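S.K.:
Numbering (the working numbering), first residue to last: 17 to 185.
(1) How would you call residue 114, buried or exposed, if buried means at least 16 neighbouring beta carbons within 10 angstroms?
(2) Could you tell me the boundaries of the alpha helix (DSSP H) in which residue 88 lies?
(3) So what's residue 24 in DSSP terms, helix, strand or just coil?
(4) Distance, Cα to Cα, residue 169 vs residue 152?
(5) Take residue 37 as the anchor and find which of 84, 57 and 78 has the nearest alpha-carbon.
(6) Beta-carbon within less than 8 Å of residue 158's beta-carbon, same chain only, minus the 5 sequence neighbours each way: which residues are those?
(7) Would you kindly report the start and end of the unbroken alpha helix (DSSP H) that includes residue 58?
(8) Under 8 Å between the Cβ atoms of residue 73 and residue 97?
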């Protein structure tokens, strides 16, 4: 037993398996599985793990699946999520990772409450070591057609946060 080493920590393995369960199967089974995560109060535990670098993409993917299957948990996730880890993931990731991050952030912006939407957009604008608006603009130029609308919408909304006289459009 002394020679036995785990390649992956048990928590990371559980998150990876949960991601595969939520992304596999047909839409109905994905929805039922995501609802089970929400019902089992798994959202707070996942949000606590978001600050860890390992498995961050899997956690964002799981949370996105939960928001899409149960719209009520979108507000819970939005209220408790720190966007800095998601923005770091966006900046460091490949196109697939960036796509998931854009979908995740877009879910927050779709919230009905305008003040909350503005708060989320302000956090995106202010957080991060890099200029998120610049990164979004670069990604917009290379993004697949189905992602361009979401990225352009985020950019426009971020630009509108600036004083009206200073808007770039």
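Note that CB positions come from ideal geometry on N, CA and C, so glycine has one too.
On a predicted model such as this, the values are computed, not experimentally measured, just so you know.
M.R.: Working from what's here:
(1) Here residue 114 corresponds to residue number 98 of the chain shown, with the count starting at 1. Buried, since its Cβ has 16 or more Cβ neighbours within 10 Å.
(2) Against the chain shown, residue 88 aligns to sequence position 72. Residue 88 -> alpha helix (DSSP H) spans 88-96.
(3) The residue labelled residue 24 in the question sits at position 8 within the chain shown. Taken through DSSP and simplified to helix, strand or coil, residue 24 comes out as coil.
(4) As a first step, residue 169 must be located in the chain shown, where it is residue number 153. As a first step, residue 152 must be located in the chain shown, where it is residue number 136. Their backbone Cα atoms lie some 10 Å apart in a straight line.
(5) Taking the first residue of the chain shown as position 1, residue 37 is located at position 21. When 84, 57 and 78 are compared, the shortest CA-CA separation from residue 37 is found for 78.
(6) For this step, residue 158 is matched to residue 142 along the chain shown. Residues of the same chain with a CB within less than 8 Å of the CB of residue 158, apart from the 5 flanking positions on each side, are 111 in chain order.
(7) In the chain shown, the residue the question calls residue 58 occupies position 42. For residue 58, the enclosing alpha helix (DSSP H) has its first and last residue at 58-65.
(8) Your numbering for residue 73 matches position 57 in the chain shown. Your numbering for residue 97 matches position 81 in the chain shown. It is not a contact, given that the beta carbons lie outside the stated cut-off.
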